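This report concerns only the one structure given below.
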Amino acid sequence: MINKKEIQNQMIQTVETVRRTNPMAGSITNTVTINFVANAQLAIGGSAAMVYLPDEGEFLAKVGGATYINVGTLHPIYEQTLPRTVKVLHETRKPWVLDPVAVGIGMLRTQLLRQFKEYKPSVIRGNASEIIALAGLWGLEGGVEVSNVRGVDSTDSVSVAKAAAVALARWTGGAVAVSGKTDLIASSDLVAFSYGGSHFMEKITGSGCSLGGAVAVYATAASPFIAALTATAVYNLAGKRTENKVEGPGSFQIQFLDELYKATAMDISNNPFDIEEV
Amino acid sequence: MINKKEIQNQMIQTVETVRRTNPMAGSITNTVTINFVANAQLAIGGSAAMVYLPDEGEFLAKVGGATYINVGTLHPIYEQTLPRTVKVLHETRKPWVLDPVAVGIGMLRTQLLRQFKEYKPSVIRGNASEIIALAGLWGLEGGVEVSNVRGVDSTDSVSVAKAAAVALARWTGGAVAVSGKTDLIASSDLVAFSYGGSHFMEKITGSGCSLGGAVAVYATAASPFIAALTATAVYNLAGKRTENKVEGPGSFQIQFLDELYKATAMDISNNPFDIEEV
Amino acid sequence: MINKKEIQNQMIQTVETVRRTNPMAGSITNTVTINFVANAQLAIGGSAAMVYLPDEGEFLAKVGGATYINVGTLHPIYEQTLPRTVKVLHETRKPWVLDPVAVGIGMLRTQLLRQFKEYKPSVIRGNASEIIALAGLWGLEGGVEVSNVRGVDSTDSVSVAKAAAVALARWTGGAVAVSGKTDLIASSDLVAFSYGGSHFMEKITGSGCSLGGAVAVYATAASPFIAALTATAVYNLAGKRTENKVEGPGSFQIQFLDELYKATAMDISNNPFDIEEV
Chain A
1 MINKKEIQNQ
11 MIQTVETVRR
21 TNPMAGSITN
31 TVTINFVANA
41 QLAIGGSAAM
51 VYLPDEGEFL
61 AKVGGATYIN
71 VGTLHPIYEQ
81 TLPRTVKVLH
91 ETRKPWVLDP
101 VAVGIGMLRT
111 QLLRQFKEYK
121 PSVIRGNASE
131 IIALAGLWGL
141 EGGVEVSNVR
151 GVDSTDSVSV
161 AKAAAVALAR
171 WTGGAVAVSG
181 KTDLIASSDL
191 VAFSYGGSHF
201 MEKITGSGCS
211 LGGAVAVYAT
221 AASPFIAALT
231 ATAVYNLAGK
241 RTENKVEGPG
251 SFQIQFLDEL
261 YKATAMDISN
271 NPFDIEEV
Chain B
1 MINKKEIQNQ
11 MIQTVETVRR
21 TNPMAGSITN
31 TVTINFVANA
41 QLAIGGSAAM
51 VYLPDEGEFL
61 AKVGGATYIN
71 VGTLHPIYEQ
81 TLPRTVKVLH
91 ETRKPWVLDP
101 VAVGIGMLRT
111 QLLRQFKEYK
121 PSVIRGNASE
131 IIALAGLWGL
141 EGGVEVSNVR
151 GVDSTDSVSV
161 AKAAAVALAR
171 WTGGAVAVSG
181 KTDLIASSDL
191 VAFSYGGSHF
201 MEKITGSGCS
211 LGGAVAVYAT
221 AASPFIAALT
231 ATAVYNLAGK
241 RTENKVEGPG
251 SFQIQFLDEL
261 YKATAMDISN
271 NPFDIEEV
Chain C
1 MINKKEIQNQ
11 MIQTVETVRR
21 TNPMAGSITN
31 TVTINFVANA
41 QLAIGGSAAM
51 VYLPDEGEFL
61 AKVGGATYIN
71 VGTLHPIYEQ
81 TLPRTVKVLH
91 ETRKPWVLDP
101 VAVGIGMLRT
111 QLLRQFKEYK
121 PSVIRGNASE
131 IIALAGLWGL
141 EGGVEVSNVR
151 GVDSTDSVSV
161 AKAAAVALAR
171 WTGGAVAVSG
181 KTDLIASSDL
191 VAFSYGGSHF
201 MEKITGSGCS
211 LGGAVAVYAT
221 AASPFIAALT
231 ATAVYNLAGK
241 RTENKVEGPG
251 SFQIQFLDEL
261 YKATAMDISN
271 NPFDIEEV
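Chains as they are written, first to last, in our numbering: chain A, 1 to 278; chain B, 1 to 278; chain C, 1 to 278.
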């Protein structure tokens, strides 16, 4: 029997621990949204650091409470940086979040994402088509080799990725967050649906990336599932609150960061969600 | 005889097609303004994706409706990425927009821009000094080998670049957009002057780059000349509307994205412009 | 006897010269905050340009009035770019600002920062722990080999870095700016304390980097000490003015850029500071 109240208590503790301890979550992430990722991590109470080089990735992996890896704009050096970094994360049992942006495009991206299977990311965050494609790449249930990948857009609704998300979570022993109109968060035996957000989140770049960065911050203080659910909840809450205050995507980004900063632990835990066993 | 009404109708169709179809325009662009480029592309209804690696550039070229190439902050790998990407664009007859930022600085930049001559960008966008310098590099009329290039600033008024712009447009068979207080858009046989904008556009970074990204989005749905004119018109309109609402360059950027998002097709087509035959 | 009025007059002249002449200060800086650096430089009246490649760094060094070097997110090519660029700066006696972000992390960073000792940056800007660590790396008084470096956060108060700052300033013959709640600016024989700012400056990314970029802009028109003090003063003034107008870190960034733009030379020179001889 799932105890929703217990989950909410864990969310509250996660938010408060992060605000109190200002944990560092390093990132290796794309240059398009790197600034927004860092500012979102700071807004929820974390600390950010970004690097490109192999030994710096290893260093961040060791000293950070968790690490965010986004394969958005790959540099040649990432052929060394990413495997070495995730190897350290795996060996030190540090939580890490994988954002398999645009899985299926390019040789290096495919090679890296294939390697990551053995290093079992604690949380995988993507839109439905990316989650399905990653499960396909890893030969897991619910995946297909070639998804309907179209830039970084979500072109499938989250429910179509449920089987893939659960299969990935069972493989990693962690959690999977599927972003969409409703968001789905899967662990080995639970699936949560989180509600809220805004249509403007599709009209700015970096909603998904910065959510991944926020998951990494919360993962310093919570289980993968609670970290993913808490980050998704504060995003849905802040998105909904922001939408009514702005007239366009420029203002949305700014007000959204303010709402991330202002959201209380209680409000975040009370953002609507449902849970089911799988 | 030029029919201005017909041009306006094409602008309206372009804006509406983009808003309805959410076309993808990939970019290889500088890291200074990459976020602003993506957000501007999304604000006008397009979809964005950015890459650095050669095979990813080729992939974007193939799947995107158009591509934006900005030589602002070159990485070593661009020696391979950019020629391979524009070769695919040329062979598949996909529209692409070239932003010859800081032409004249550095060996790789000069080498790449020289190579691009054969691949005939559909639209070239730059300030007057860059357009003159590019025409000079390509040995075309109106160009000079060394322009008054000063960082990424415009130091010449657009009218001095008219001959170079027309010569470039005649060479490529496409269009050239020269950014300045008044903006000039040239095709092989027409020159348009577009009015509006704001003095704040010189006080933020990325006005020009993001305009280039917007041209690429419209180029998925229109001729090079109409794409360049439409993007310039919405920039001039949004700039003018924003200026009266803000007190500084920070607010300008944000409100400007909102105005890009809110501008109607009718308003964009009615933004003041003149046309002359050449 | 220190003449505070004379210092204020120099600050006024610096601000006004920059606003009148729009000087170019090139940067090689990290991708996290590169956009904010450029926009801050523009907001105070400067002009910005960023590059990665060795010959482009040399070019910027030659044509810019000053250069900003931030070792935040190192690329492999920086092993060549940074030494070649600072060599030109040193040989041409052009002012340059060093931001030793995260000194102590990674082999290339350590190698580069060690090399920079001979090229004597005109201004070094960092938080207390970075200044202490750099003095340690260079074997100067007040430094320790391993500081309490934690990402890019300041974990020490500025006063603990006073001896290190003065030692660095005496080595370079320039100035050192230590960022914290109160900011410390050291030259060979003077230390200034500058007051103001906002707690939000810790809640956004890039306060420090963009301050470094602003110092470079002012260094085109003033001595290292006056440049560092003027930039710190406008940051403290704009930070304080912004704090009361905003509710979160998103709005803070935007309004802060507006306040940088609006601050008058007189207001900047009157922002509270103290001076003492050392």
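Don't be surprised by glycine CBs; every beta carbon is placed ideally from N, CA and C. Here the structure is a predicted model, which means the values were calculated and not measured.
Next item on the list: Would you tell me roughly how many angstroms separate the C-alpha atoms of C/Val178 and A/Thr17, rounded to the nearest one?
Entry: For this step, residue 178 of chain C is matched to residue 178 along the third sequence. For this step, residue 17 of chain A is matched to residue 17 along the first sequence. For C/Val178 and A/Thr17, the distance between alpha carbons rounds to 30 Å.
Check: What separation, rounded to the nearest whole angstrom, lies between the Cα atoms of B/Glu276 and B/Leu184?
Finding: By 1-based counting over the second sequence, the position of residue 276 of chain B is 276. By 1-based counting over the second sequence, the position of residue 184 of chain B is 184. About 11 Å.
Margin query: I want to verify the contact list: residues of chain B whose CB lies under 9 Å from the CB of A/Asn35, in sequence order.
Written below: On the first sequence, residue 35 of chain A is found 35 positions in, with the first residue counted as 1. Residues of chain B passing the Cβ test: Asn35.
Margin query: With distance defined between alpha-carbon atoms, name the residue in A/Pro83, A/Asn127 and A/Val215 nearest to A/Gln111.
Written below: In the first sequence, residue 111 of chain A corresponds to position 111, counting from 1. Minimum Cα distance to A/Gln111 is reached at A/Pro83.
Check: What first and last residue would you give for the beta strand (DSSP E) that runs through B/Ile124?
Finding: Indexing the second sequence from 1 puts residue 124 of chain B at position 124. Here the beta strand (DSSP E) through B/Ile124 covers Val123 to Asn127.
Note to self: Could you compute how far the alpha carbon of A/Gly279 sits from the alpha carbon of A/Lys117?
What the structure shows: The structure shown does not extend to residue 279 of chain A, since chain A is modelled only from 1 to 278, so the question has no answer here.
Checklist line | CB contact below 9 Å: C/Gly126 versus chain A | finding: Taking the first residue of the third sequence as position 1, residue 126 of chain C is located at position 126. For C/Gly126, no Cβ of chain A is located within less than 9 Å of the residue's own Cβ.
Note to self: Closer than 8 Å between beta carbons: that is the criterion. Which residues of the region 241-259 of chain C meet it against chain A?
What the structure shows: For the region 241-259 of chain C, which is checked against every Cβ of chain A, the residues closer than 8 Å are Val246, Glu247, Gly248, Pro249, Gly250, Ser251, Gln253 and Ile254.
Notebook entry, point to check: Which residue comes first and which comes last in the alpha helix (DSSP H) that contains C/Ala186?
Noted result: For the purposes of this step, residue 186 of chain C is taken as the residue at position 186 of the third sequence. Segment Asp183 to Ala186 is the beta strand (DSSP E) holding C/Ala186; no alpha helix (DSSP H) there.
Item checked: Three-state secondary structure (DSSP) of B/Ile275 -> To locate residue 275 of chain B, count along the second sequence from 1; it is residue 275. In this structure, B/Ile275 counts as strand in the three-state DSSP scheme.
Note to self: Pop quiz: A/Gly106 and A/Cys209 are said to be a contact at Cβ under 8 Å. What is the actual Cβ separation, rounded to whole angstroms?
What the structure shows: The residue given as residue 106 of chain A occupies position 106 in the first sequence. The residue given as residue 209 of chain A occupies position 209 in the first sequence. Actually they do not touch by this definition, with Cβ atoms about 18 Å apart.
Item checked: Nearest to B/Glu91 (by Cα), restricted to the options B/Ala102, B/Ala61 and B/Gly104 -> Locating residue 91 of chain B in the second sequence gives position 91, counting from the first residue. Nearest option by C-alpha distance: B/Ala61.
Note to self: Within a Cβ cutoff of 6 Å, which residues of the same chain sit near B/Arg150, ignoring the five residues on either side of it in sequence?
What the structure shows: Within the second sequence, the letter at position 150 stands for residue 150 of chain B. Model confidence at B/Arg150 stands at a pLDDT of 48, short of 50, so the residue's coordinates are unreliable; what they give is reported in the following sentence. Contacts found: none.
Notebook entry, point to check: What residue does the alpha helix (DSSP H) around B/Tyr68 start on, and which one ends it?
Noted result: Position 68 of the second sequence, counted from the start, is the residue given in the question as residue 68 of chain B. Per DSSP, B/Tyr68 belongs to no alpha helix (DSSP H); it is in the beta strand (DSSP E), Ala66 to Asn70.
Margin query: Please return the same chain residues whose Cβ sits closer than 6 Å to the Cβ of C/Ala192, not counting the five positions on each side in sequence.
Written below: Position 192 of the third sequence, counted from the first residue, corresponds to residue 192 of chain C. Taken in chain order, the residues that qualify are Ile185, Leu229, Phe273 and Ile275.
Check: Pairing CB atoms from the region 161-169 of chain C with CB atoms from the region 125-135 of chain C, are three or more of them under 8 Å?
Finding: With contact defined as three or more Cβ pairs closer than 8 Å, the region 161-169 of chain C and the region 125-135 of chain C are in contact.
Check: Where does B/Thr17 sit, in a helix, a strand or coil, going by DSSP?
Finding: The residue you call residue 17 of chain B lines up with position 17 of the second sequence. B/Thr17: helix per DSSP, three-state reduction.
Note to self: I want to know whether the region 26-40 of chain C touches the region 199-219 of chain C - three or more CB-CB distances under 8 Å.
What the structure shows: In short, these stretches touch, since the Cβ pair count reaches three.
Checklist line | Short-range partners of chain C found in the region 14-32 of chain B, where Cβ spacing is below 9 Å | finding: If the cut-off is 9 Å between Cβ atoms, the region 14-32 of chain B has Asn30, Thr31 and Val32 near chain C.
Item checked: B/Arg114 vs B/Leu137 beta-carbon contact at 9 Å -> As a working mapping, residue 114 of chain B is identified with position 114 in the second sequence. As a working mapping, residue 137 of chain B is identified with position 137 in the second sequence. With contacts defined by Cβ atoms closer than 9 Å, B/Arg114 and B/Leu137 form a contacting pair.
Notebook entry, point to check: Roughly how far, in whole angstroms, is the beta-carbon of A/Ala216 from the beta-carbon of A/Val234, given that I think they are within contact range, below 8 Å?
Noted result: Within the first sequence, the letter at position 216 stands for residue 216 of chain A. Within the first sequence, the letter at position 234 stands for residue 234 of chain A. So it is not a contact: roughly 14 Å between Cβ atoms.
Next item on the list: Verify whether the separation of the beta carbon atoms of A/Gln197 and B/Asp258 is less than 9 Å.
Entry: Here residue 197 of chain A refers to the residue found at position 197 of the first sequence. Here residue 258 of chain B refers to the residue found at position 258 of the second sequence. According to the sequence as given, residue 197 of chain A is Gly; it is not Gln. The Cβ atoms of A/Gly197 and B/Asp258 do not sit closer than 9 Å to each other.
Check: Among residues of its own chain, excluding the 5 on either side of A/Ala169, which ones have a beta-carbon nearer than 7 Å to its beta-carbon?
Finding: Taking the first sequence and counting its residues from 1, the one referred to as residue 169 of chain A is at position 169. Around A/Ala169: Ala175, Val176, Ala186, Ser187 and Ser188.
Check: Roughly how many whole angstroms lie between the Cα atoms of A/Pro100 and C/Ser223?
Finding: Sequence index remark: in the first sequence, residue 100 of chain A carries index 100 (1-based). Sequence index remark: in the third sequence, residue 223 of chain C carries index 223 (1-based). Going from the Cα of A/Pro100 to the Cα of C/Ser223 covers about 49 Å.
Checklist line | Proximity test, Cβ basis, 9 Å: B/Arg109 and chain C | finding: Here the question's residue 109 of chain B lines up with position 109 in the second sequence. Yes, B/Arg109 counts as interfacial toward chain C.
Margin query: With the cut-off set at 9 Å, would you say C/Ile124 and C/Val160 are in Cβ contact?
Written below: Numbered from 1 along the third sequence, position 124 holds the residue referred to as residue 124 of chain C. Numbered from 1 along the third sequence, position 160 holds the residue referred to as residue 160 of chain C. Not a contact, by the Cβ cut-off of 9 Å.
Check: Does DSSP classify A/Ala263 as helix, strand or coil?
Finding: Indexing the first sequence from 1 puts residue 263 of chain A at position 263. Coil, per DSSP.
Checklist line | A/Phe200 beta carbon less than 9 Å from that of A/Gly239 | finding: Within the first sequence, the letter at position 239 stands for residue 239 of chain A. Within the first sequence, the letter at position 200 stands for residue 200 of chain A. Result yes, Cβ atoms of A/Gly239 and A/Phe200 sit closer than 9 Å.
Notebook entry, point to check: Hey, how far is the Cα of A/Thr182 from the Cα of C/Ala48?
Noted result: What you label residue 182 of chain A is simply residue 182 of the first sequence in a count that begins at 1. What you label residue 48 of chain C is simply residue 48 of the third sequence in a count that begins at 1. Cα-Cα distance, rounded: 42 Å.
Check: A/Asp258 by DSSP, collapsed to three states: which one?
Finding: Your numbering for residue 258 of chain A matches position 258 in the first sequence. Helix, per DSSP.
Notebook entry, point to check: Where B/Tyr78 and B/Val103 are concerned, what is the direct C-alpha to C-alpha distance, given to the nearest angstrom?
Noted result: Here residue 78 of chain B refers to the residue found at position 78 when the second sequence is read from its first residue. Here residue 103 of chain B refers to the residue found at position 103 when the second sequence is read from its first residue. Here the C-alpha atom of B/Tyr78 lies approximately 15 Å from the C-alpha atom of B/Val103.
Next item on the list: For chain C, find out if any of its Cβ atoms is closer than 9 Å to the Cβ of A/Asp99; answer yes or no.
Entry: Translated into the one-based positions of the first sequence, residue 99 of chain A becomes position 99. Closer than 9 Å: no.
Check: Anyone know if the C-beta pair for A/Arg46 and A/Met24 falls short of 9 Å?
Finding: Translated into the one-based positions of the first sequence, residue 46 of chain A becomes position 46. Translated into the one-based positions of the first sequence, residue 24 of chain A becomes position 24. The sequence given here has Gly at residue 46 of chain A, not Arg. Yes, the pair counts as a contact, with Cβ atoms nearer than the cut-off.
Note to self: With DSSP as the reference, identify every bridge partner of C/Trp138, one or two as the case may be.
What the structure shows: Working through the third sequence from its first residue, we reach residue 138 of chain C at position 138. Beta-bridge pairing links C/Trp138 to no other residue.
Notebook entry, point to check: Checking contacts by CB at 9 Å: is C/Met50 closer than that to chain B?
Noted result: One-based indexing of the third sequence puts residue 50 of chain C at position 50. Closer than 9 Å to some Cβ of chain B, the Cβ of C/Met50 qualifies, so yes.
Next item on the list: Output yes if chain B places a C-beta closer than 9 Å to the C-beta of A/Arg150; else output no.
Entry: As a first step, residue 150 of chain A must be located in the first sequence, where it is residue number 150. Low confidence applies here, because A/Arg150 scores a pLDDT of 48, under 50, leaving its location unreliable; read the following figure in that light. So, interface residue.
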